Amino acid sequence: MSSPDPEIIRTHLFEIINIQMRSGEPPETKQTYDRLISDGHPQEEVMKMLACVVMSEIFGALKNKQPYDHQRYTAALRALPELPWDDEE
Numbered sequence: 002m003s004s005p006d007p008e009i010i011r012t013h014l015f016e017i018i019n020i021q022m023r024s025g026e027p028p029e030t031k032q033t034y035d036r037l038i039s040d041g042h043p044q045e046e047v048m049k050m051l052a053c054v055v056m057s058e059i060f061g062a063l064k065n066k067q068p069y070d071h072q073r074y075t076a077a078l079r080a081l082p083e084l085p086w087d088d089e090e
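Per my numbering, the sequence shown starts with residue 2, numbered consecutively.
Put into structure tokens, the structure is as follows:
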């Protein structure tokens, strides 16, 4: 079995983020995007940071066999630019 193409994964993650921002659900995604852009981060970097949070939530839910956790997801968004795994040892 071959490894997934990182560009395809990135495209899908960016689409998830764009859907969240267009729909306003959760509103924290667009709020975080706007905050990071206002802080001077380039758009591509902001999208990558948001994608890290989405991927972290997906991975955590699958690894721990738990449903999506809105509080955990929005807390990770609020913590950006610190990434979800930055505080792990």
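For each residue, glycine too, the CB sits at the ideal point set by N, CA and C. Fair warning: this is a prediction, and the values are worked out from it, not measured in the lab.
Buried versus exposed, by CB contacts within 10 Å (16 or more), residue i
{"i": "P85", "result": "buried"}
{"i": "T12", "result": "exposed"}
{"i": "E58", "result": "buried"}
{"i": "Q21", "result": "buried"}
Backbone CA spacing between residue i and residue j [nearest angstrom]
{"i": "Y34", "j": "S3", "result": "33 angstroms"}
{"i": "E8", "j": "I17", "result": "14 angstroms"}
{"i": "D87", "j": "E29", "result": "20 angstroms"}
{"i": "T75", "j": "I38", "result": "18 angstroms"}
{"i": "E62", "j": "E26", "result": "Residue identity check: residue 62 is Ala in the sequence provided, not Glu. Taking the straight line joining both Cα atoms gives about 19 angstroms."}
{"i": "L14", "j": "Q72", "result": "20 angstroms"}
{"i": "K49", "j": "F60", "result": "16 angstroms"}
Run of the alpha helix (DSSP H) containing residue i, from where it starts to where it stops
{"i": "E8", "result": "7-24"}
{"i": "S4", "result": "No alpha helix (DSSP H) contains S4, which DSSP labels as neither H nor E."}
{"i": "G61", "result": "44-65"}
{"i": "L37", "result": "28-39"}
Short CB-CB distance (under 8 angstroms) between residue i and chain C
{"i": "Y34", "result": "In the structure shown, chain C does not exist; there is a single protein chain."}
Quiz item: Touching or not, the region 72-83 and the region 48-61, by the rule of three or more beta carbon pairs under 8 angstroms?
Solution: yes
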